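Taken in sequence, the protein lines are chains U and Y. So that you can map any letter, position 305 of the first sequence is 341 in the working numbering, and since no number is skipped, the others follow by simple counting. So that you can map any letter, position 318 of the second sequence is 398 in the working numbering, and since no number is skipped, the others follow by simple counting. Backbone N, C-alpha and C define an ideal beta-carbon position, used for all residues, glycine too. Keep in mind the model is a prediction, meaning the values are calculated, not measured.
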Amino acid sequence: MSPVCTEAPLPMRQRLLDWVHHLEHHLPGQAPLRDFIHHNTLHGFQHLPFAEALRQAKRVTGIHGYWPAEQFRAAFRRGRITWPDLEEALLRHPELAAGEVLAELPHGTVRRLDLYRVALLHDLRPLQASQLAWQRTGRRALSTWQPDLDETVRRQWLAAATGGEAEAVADLWRACLAGLGLTDGTPHPEEQLDDLLDFFVPDAGHGADLDERLFSTLVRGEADTLMDRLLARLGPELTLSGLLAALTGEDLFDDVRPLLLRHVAGYLDHGLAAWPYPDRALGFFAAWRRQAMQDWSFLPEELVNWREEIDSLGDDAVEAIMALLSRLGLPEKQWMAYLERLALRLPGWSGMIMWRHRHPGYAGLSPERVDVLDYLAVSLVLERLYAMRLCSRLWQVEPRLEMLRWYFRSHGAEFLVRWSLFNDPLPEHMAAYAGRLLAQPDDDPPDEAHWYVLARMLRIGRHAAGGRGGHTPHGHAWPLFLLAQHLGVTAQAWRTWNTAQVERVLDALACLDEDRAGLIWLQAYESHYRHQVFNAIVQNQGRGRWARRDRRPAAQLIFCMDEREEGFRRHLEELDPRLETLGAAGFFGVPIHWQGLDDPGYAALCPVVVTPAHRVREEPLAEAEPLHRAHVTRRQYRQLLREQLHQGTRLGLFRPVLWTLLAAPWAVLLLLGKLLAPLTTGGLVVRLRDWFDRSVPTRLTLTAPADAPPATVAQPRIGLTDGEQADRVEGLLRTIGLTDRLAPLVVVMGHGSLSQNNPHLAAYDCGACSGRHGGPNARVFAAMANRPAVREVLRSRGIDIPDDTWFLGAEHNTGSEAITWFDLALLPGSQRDALTRLQAQLAQAQAGSAHERSRRLASAPRQPTPAQALAHVAGRTHDFSQARPELGHVTNAVALIGRRAVVQGLFFDRRMFLISYDPTQDPEGRIAENILLAAGPVGAGISLEYYFSTVDNDRFGCGSKIMHNVTGLLGVMDGAASDLRTGLPKQMIEIHEAMRLLVIVEQTPAVLTRIHARQPAIRELVDNAWITLAAKEPASERLHLFRPGEGWVLWAGPLQPLETVARSADWYSGHDGPLPPVFIAQSAEVECHG
Amino acid sequence: MVERWIWLVPLLPALAAAWTGVGLLGGWNRGEAGEPATARLASWSVGLALGVLLLIDAQGLLTGATPGSIRLCSWMETSGYRVMISFTLDRLGLAMATLAALLAWLAVRFSIHYLHREAGFQRFFALLNLFIAALLLFLLSGNAVLAFVGWEMMGLTSYLLIGYAVERSTATRHATRVLVTNRLGDAGFTVALLLSFTWLGGSEWTDIRGGFALLDSFQMGILLGGFVLAALVKSAQVPFAAWLGRSLEGPTPSSALFYGALMVHAGVYLLLRLEQVLRHSPVLMVVLMLLGGADRPVWPAGRIGADRCQKRPDQRDANPGGVDVFDLRPGLV
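#1: Which word fits Lys-1068(U), buried or exposed, when buried means at least 16 other C-beta atoms lie within 10 angstroms of its C-beta?
#2: Output yes if chain Y places a C-beta closer than 8 Å to the C-beta of Gln-918(U); else output no.
#3: Just the Cα atoms here: how many angstroms apart are Asp-54(U) and Arg-892(U)?
#4: Out of Trp-231(Y), Gly-281(Y) and Thr-286(Y), which has the shortest C-alpha to C-alpha gap to Leu-259(Y)?
#5: Considering only the alpha carbon of each residue, which of Arg-472(U), Leu-178(U), Ile-1063(U) and Lys-94(U) lies closest to Cys-212(U)?
#6: Kindly list the residues whose CB is nearer than 8 Å to the CB of Thr-716(U), restricted to its own chain and excluding five residues on each side of it in sequence; keep chain order.
#7: Taking the alpha carbon of Glu-1095(U) as the reference point, which residue from Arg-947(U), Leu-1075(U) and Leu-942(U) has its own alpha carbon closest?
#8: Tell me the rounded alpha-carbon separation between Arg-991(U) and Ile-99(U).
#9: List the residues of chain U whose Cβ lies closer than 9 Å to the Cβ of Glu-355(Y), in chain order.
#10: With 7 Å as the C-beta to C-beta threshold (strictly closer), list the residues of the region 309 to 327 of chain Y near chain U in chain order.
#11: Tell me, please, whether the region 106 to 117 of chain Y touches the region 590 to 608 of chain U by the rule of three or more beta-carbon pairs shorter than 8 Å.
#12: Thinking C-beta only, is Val-652(U) closer than 8 Å to Leu-738(U)?
#13: Check whether the Cβ of Ala-1042(U) lies closer than 7 Å to any heavy atom of the ligand GTP, and answer yes or no.
#14: For Leu-523(U) and Asn-1001(U), I'd like the C-alpha separation in whole angstroms.
#15: Against chain U, does Thr-270(Y) count as a neighbour if the rule is that its beta carbon must be under 8 Å from one of theirs?
#16: From the DSSP output, in three-state form, read off Gln-592(U) for me.
#17: Would the beta-carbon of Pro-864(U) fall within 8 Å of that of His-887(U)?
#18: With DSSP as the reference, identify every bridge partner of Ile-855(U), one or two as the case may be.
#19: Who pairs with Cys-153(Y) in a beta bridge, going by DSSP?
#20: Taking Cβ-Cβ distances shorter than 7 Å, what residues in chain U pair up with Ala-251(Y)?
#21: Which value, in whole angstroms, describes the spacing of the CA atoms of Pro-1070(U) and Phe-86(U)?
#22: Decide yes or no for the touch test of the region 261 to 271 of chain Y against the region 149 to 159 of chain Y: beta carbon pairs closer than 8 Å, at least 3 of them.
#23: Is there at least one Cβ from chain Y nearer than 8 Å to Asn-989(U)'s Cβ?
#24: Start and end of the alpha helix (DSSP H) containing Trp-209(U)?
#25: Looking at chain Y, is there any beta carbon in it that lies within less than 8 Å of the beta carbon of Glu-337(U)?
#26: Could you pull out every residue in the same chain whose Cβ sits closer than 7 Å to the Cβ of Gln-680(U), ignoring the five residues on either side in sequence?
#27: Contact defined as beta carbons within less than 8 Å: I believe Phe-320(U) pairs with Val-417(U). What is the distance between those atoms, to the nearest angstrom?
#28: Which residues in chain U have a C-beta closer than 8 Å to the C-beta of Tyr-194(Y)? List them in chain order.
#29: Just how far apart, CA to CA, sit Arg-671(U) and Asp-729(U)?
#30: Which residue wins for smallest C-alpha separation from Leu-494(U), given the options Asp-763(U), Ala-470(U) and Phe-517(U)?
#31: Counting only beta-carbon separations shorter than 8 Å, does Pro-147(Y) have a partner in chain U?
#32: Between Gly-384(U) and Asp-1015(U), which are expected to be in contact by the criterion C-beta below 8 Å, what is the C-beta distance as a whole number of angstroms?
#33: Find the residues of chain Y that neighbour Ala-910(U), judging by a C-beta separation of less than 7 Å, and give them in chain order.
#34: Which class does Asn-822(U) belong to by DSSP, given the choice of helix, strand or coil?
#35: Which chain Y residues are close to Ser-895(U), counting only those with a beta carbon under 8 Å from its beta carbon?
#36: Could you tell me which chain Y residues have their CB closer than 8 Å to the CB of Glu-1026(U), listed as they occur along the chain?
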């Protein structure tokens, strides 16, 4: 055993502690489930341009950041991407030199652009030798046209081909081979290997007589080179487990993972485990170590000396890490890289640990501090113990770099065979032979001669015939062959190309690598939809209502900017043109710590980047105190009962029997009800609960005296002073441009979502309220705006709220469409009629919104009436078998910061965030700047999380919900021992269109340029192309697109005429896919109802 | 007379499983388009089985007597050996089968929305139906051989559903571990079956109960020991409890049905079937009580780490079967 590292630990210790902050960038930043907030999945790469960030992320994690090409091709076939879109994108990449002419042919010029077209639309990827054999024999691809050959090209071929299809195709194949200096006579590689096997295997018995000189010069030389290269990857690319997997095919982490997770999950548990993790306060490493030392069955006995190993480490995690890395024999300069790789073995869990590391004292949970280094130390110990077992079993050495190097220096052939088997796709015959060698029992290992025979064959196989410059038929001629077919280049024409031209074609193909092709597809995809959006907005100029308020609206409704409200607002506006709707970030400019009547503590209701300085509590009215006491007692009884039903049926000796007997009949009834009639049962349960709990009328602890101590983030104060309240109210009204002609009723509508059996519930709630419900903010805002003292101050600041204006707080449930109203009892009698009218209209809008949503829900009734649709969506939220209670932010694509008039009267398919902003009141752009700073990151976070979870749902997202298990209430795992799955589940993104957010600001480019220059946060998002920025001139229909590095470009796309429909339903009925914008008829000042 | 239709109860879900499986192979019910038909078939087959059971229950309640043992025909026969197609419709069997069919039907209903758009939708329903058929066959069987058929089919479907996510190697590895552990119990069952043929001349539950008085205590211990081993493994009791933790890799509804509600109680049910016989072996009873009791602290200990709560149609968490084994003794269950 090597001694513990003793050399100058201090600088290294400090470096390790500092390095932890760096590690954060490469781990998922997802919070525990109840605080789930959408954020950029690649947040750690946000300082880089989008394309570069994706390239680097791929290098670190191996995940391709674009939709697979096949998905884009499907979008192309559906017309969601067209060739002009692709052409535009290709021409914008100067490095592709798309205009360059490659060859002049009888039927026209071949430019690089033509070649890119074929490469994008068809799969030209090189093949393996065996795949080519399959293409030849199984699909007859070398004697028939490709099935996806374009019809015009096919006709061109038919006209040109003289000897029929088979002859023409075969001739083309020969021409492609000849162009690379290859011939068609090369036998199938497996046939070659058969010959080799026949030749070599008889030697196997006489290993001692083999040609030693050949062995040492060739096999060993090659093995040494490969081994040096492999060992050099330890740290930057591989951990010890990865290295051993590359040589044995056994991943130690399959064994390490369950052992590690059990403890990490128990340590982080939020209250699910029956027994708390012992000694939490000591830190994870020390607590884990203590358990290890006390528990005789802690680790499997077959691990070598695990007790001594753990005992030798001491309680300090940093010391332990340094000792373990020294024992591994890794140079110090590789340590950080190694630890990062180790953390990335389980990115989800590492990310969660990191999150807790960065949020000490989170939710008052024990332990207060969680340290990433503790966790890495435990991982290192386990990895080492299992590596010791594997290395001693196979090679009788310690897992230490020098030892491994020493062993394989004298076993070069074994190294070569192992390496080839697990890293270099071997032909089946060879792999089977090598596999048989590896499968020999450990007490009777194959002798060196066997390894040698195989190693020699491998060498010869690898260096077998190839064409000029290492070209092969499958790797190089095949792509050329497909390319020529799709371009319509005949064999005769192809033969006229000289070597340099063929090389240029190959270069051009290589130039359009997977990443670049992905980017071009994405840009074309975005551009196609952007043209539709721009086209609609330009033509809507002058159509939208409420560009100016020249009369007082019947009511004004302020919604969250959430794109799900776009549909709801549209339906409402279709019902009554006298209603004005506005949008703002859903905390309505009131960042508070909120404690509802039944909440155990305060929760911050504001964007995550803000920390509130004020607290607001919901309290029972003074006269309702006795009722409140009854409420508290009854609620406690109910919760006790629930706790007993959950825990009492499974823990204890006799209690479970009792509880099971008592509860079983009711449980069966409830189960029947919930499954057969979810809406009825759900409604019944809610009513029963409310009846039992007794609802208590409440008020807010809203106002603090003017001389109250200042409110700070460190010491939040209960209530806001009159001045602070006026600031908040003024702030929001000015932001959304609602400073004149306030309607008699102004509804402030927060939102949230309720559903059953949904670990990702918080992801459906309000992102601007840290993934919680925004109702309390709406209620607080309305209460503040109704206070005469506040209105007094506002009047002095130039905002005159008429005396007959009343603010009402409400909350919209985006799942069931239900609306909850707050403080209705305070509503003045004179407004009651107005509210009744509005509620009737809202009821219709709810049904309309539900109706529109139903078209995209597969299990909703087809062609439902609005009432049926409403019942369906409400039922979904009570249905615990529904993996898709609602569809959340899916399909979000655009954000408009401007007056509603810009897009009012257009159908935007619930794809547009709507943020009210009046540029005529903000010539300097100060308000726009604040909105961009607040809403930009929220919108980008939502959009990018959806983007990444969609492009690779298995790795950026968390895969299907069906296999998820909630762990420790902090995240979900696949099954019982997987990595913590971050990102969005498959059920949330199925119909998402993966594109970056297009942010359109109604402001002049000049003002936006100044904001851009002032704000680094906005520059990071816009210049790095994480979002796309566009400017709509307030006074005209002109739209400008901001191109990073180029500046503003006026949109001058040809205008496409838009259809006009009377109501949204006329446009979407009968369609279940995405729909382009269309005019909703404005003309008839539709008769208002009621 | 409605009890003459009892053979429909396991057969209907089995036929539904077969039809769905054949459709999957033939390719005519695949994909999202094939979901409604598959779901209807599964729901109706299990629903009808439940209906037949409810009719028999109702008849029993009206007449005040359960049909008891029903022998339909002989399945296989050689000199000295005879296996019947027979069912036991006593209070225990009917109560358990009705409850099982009800929960199974609810699980089917739950799965229809839950598994929507899963690539393995049809495979899941075929396996779920097969499992339900197996469970009902086991619960209603009139003899140990039929019970064993159901028992083995449960084990097989359990294996295939734990490994439902074929693309995840952890799931398939765990499925194999669970299967292998369960073979221990199966071995016990087989030995007991063989011995009951040899020593008692048959495998009808009535034969086993009736013939026991003729055995000496050693023979009784060995024979019963086989059944008890099978029960302990299937119900994940100490010392075989570890497999349960590995089993939670499949889709939620099947995990709930297998490991939260029904299959883990198959072992307990087997012991209840043999309760009259077990009473003759105080030693085994004490062993059972100790093991069942030992199970109580072990479960929380096992879950101290990676704790989990699956979303499940029944409200119980991963099996507290130990309590049932423990409570066998005082006759509480």
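Short version:
#1: Buried, by the Cβ-count rule.
#2: yes
#3: 49 Å
#4: Leu-259(Y) has its Cα closest to that of Trp-231(Y), out of Trp-231(Y), Gly-281(Y) and Thr-286(Y).
#5: Leu-178(U)
#6: Gly-709
#7: Leu-942(U)
#8: In a straight line, the C-alpha of Arg-991(U) is about 7 Å away from that of Ile-99(U).
#9: Those do not exist, as Glu-355(Y) stays about 17 Å from chain U at its closest Cβ, beyond 9 Å.
#10: Gly-325 and Arg-326
#11: no
#12: yes
#13: The ligand GTP is absent from the structure shown, which contains no ligand whatsoever.
#14: 51 Å
#15: It does not: the Cβ of Thr-270(Y) has no partner Cβ on chain U nearer than 8 Å.
#16: strand
#17: Cβ distance not < 8 Å, so Pro-864(U) and His-887(U) don't count as in contact.
#18: According to DSSP, Ile-855(U) bridges with His-848(U).
#19: In DSSP, Cys-153(Y) forms a bridge with Ile-165(Y).
#20: Gly-1011
#21: 30 Å
#22: no
#23: no
#24: In this chain, the alpha helix (DSSP H) harbouring Trp-209(U) covers 200 to 215.
#25: no
#26: Trp-695
#27: A Cβ-Cβ separation of about 12 Å leaves Phe-320(U) out of contact with Val-417(U) under the 8 Å criterion.
#28: Ser-917, Gln-918, Ala-919 and Ile-998
#29: 6 Å
#30: Ala-470(U)
#31: no
#32: 4 Å
#33: Under the 7 Å cutoff, chain Y gives no residues; its nearest Cβ is about 15 Å from Ala-910(U).
#34: In the structure shown, Asn-822(U) adopts helical secondary structure according to DSSP, grouped into three states.
#35: Residues of chain Y with a Cβ closer than 8 Å to the Cβ of Ser-895(U) are, in chain order, His-193 and His-196.
#36: Chain Y residues near Glu-1026(U): Arg-197.
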